[in-house]
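Enquirer: For reference, the structure I am asking about is given below.
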Amino acid sequence: MPEYLETPQGRRIAFHRVAGTGQGTGPGVVFLGGFKSDMGGTKAVFLDDWARRTGRAFLRFDYSGHGESSGAFEDGAIGDWAEDAAAAIGALTEGPQVLVGSSMGGWMSLLMCKRLVGKVAGLVTIAAAPDFTEDSMWAAFDEGQRKALLEDGQVALPSEYGDPYVITRRLIEEGRTQLVLRDPLVLPFPVRCLQGTADEDVDMSVALRLLDHAQGPDMRLTLVKGADHRFSDDACLALIETTLEEVLSQIGAV
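Residue 116 in UniProt numbering sits at position 116 of the sequence shown, with consecutive numbering throughout.
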């Protein structure tokens, strides 16, 4: 059963936390999930198991409107979920943290790098989707979809993961206040970006744009031929583990 955190905005955030036992003062790890995903996903649970095995402090949680947290998905927006992430990291972790952001969680983790300066010690992104509400959704809408969004307040998009995604006007418009690829993005710590070449949701060009745009002393992008957006087969999970451990070792060497 999850525990719950009441945020300053009155939202009830479900979370699971692993207490660190074997890493001394080493950084903890926080997993930030994707759009309409939850903390019960393959990657989040895999990292939970890894943390228990290695003794590393670890946090996974559901944004409001996701998983076991309060609220309706359709009522949320990027800024709301960033508030949830900041509240969870601030209240439920101690000391510096390495963020692991998957898909939308990659965008969330970049927002945390801006908001929680000094708290973030390293970053691993998996098929990161920064600014996707503007550059992927709004940019791809046809005239009819844009009209429906503006007049009806929402539009439904098909999803291979289940029920259609209901995209609201607020999600698009509020997302424009959270963009991270238009202004300077300084990441002064180890950053590792993982991206599959067969990802049909986040194109490789997004990873290349992020790598080109962000400024930092230690940034690397790894492309995995044939990997899809889920990035959850055994080989991809093993790569996530070794990449995270590399970032943690780099921090320990500083």
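Each residue gets a CB set at the ideal place from its N, CA and C atoms; glycine is no exception. Note that the structure is predicted; figures quoted are calculated from it, not measured.
Buried or exposed, going by whether 16 or more other CB atoms sit within 10 Å of the CB of Val-186?
Expert: exposed
Enquirer: Just grab the DSSP bridge partners of Gly-162 for me.
Expert: Ser-159
Enquirer: Shortest alpha-carbon distance to Leu-111 belongs to which of Ser-159, Gly-40, Ile-78, Met-137?
Expert: Measuring from the Cα of Leu-111, the nearest candidate turns out to be Ile-78.
Enquirer: Measuring alpha carbon to alpha carbon, tell me which of Lys-225, Ala-14, Thr-21, Gly-33 ends up nearest Val-124.
Expert: Gly-33
Enquirer: For Phe-46, report the span of its beta strand (DSSP E) as first-last.
Expert: Looking at the DSSP string, Phe-46 is not in any beta strand (DSSP E); the run it does join, the alpha helix (DSSP H), is 42-54.
Enquirer: What three-state label does DSSP hand His-16 in the structure shown?
Expert: It is a strand residue.
Enquirer: Assign Val-254 to one of two classes, buried (16 or more other C-beta atoms within 10 Å of its C-beta) or exposed (fewer than that).
Expert: Caution is warranted here: a pLDDT of 46 is assigned to Val-254, below 50, making its placement in the model unreliable, and no coordinate value can be reported.
Enquirer: Do you know how far the Cα of Pro-188 is from the Cα of Lys-114?
Expert: So the alpha carbons of these two residues sit roughly 11 Å apart.
Enquirer: With the cut-off set at 8 Å, would you say His-66 and Asp-49 are in Cβ contact?
Expert: no
Enquirer: Does the beta-carbon of Pro-8 have 16 or more other beta-carbons within 10 angstroms, so that it is buried, or is it exposed?
Expert: exposed
Enquirer: Check the C-beta distance from Pro-27 over to Phe-15 and give it rounded, since I have them as a contact under 8 Å.
Expert: The Cβ separation is near 18 Å, so there is no contact.
Enquirer: Tell me the residue span of the alpha helix (DSSP H) that contains Ala-85.
Expert: Annotation: the continuous alpha helix (DSSP H) that includes Ala-85 extends over 78-92.
Enquirer: Identify whether Thr-177 lies in helix, strand or coil by the three-state DSSP scheme.
Expert: In the three-state scheme derived from DSSP, where H, G and I count as helix and E and B as strand, Thr-177 is classed as coil.
Enquirer: Is the CB-CB distance between Leu-47 and Phe-31 below 8 Å?
Expert: yes
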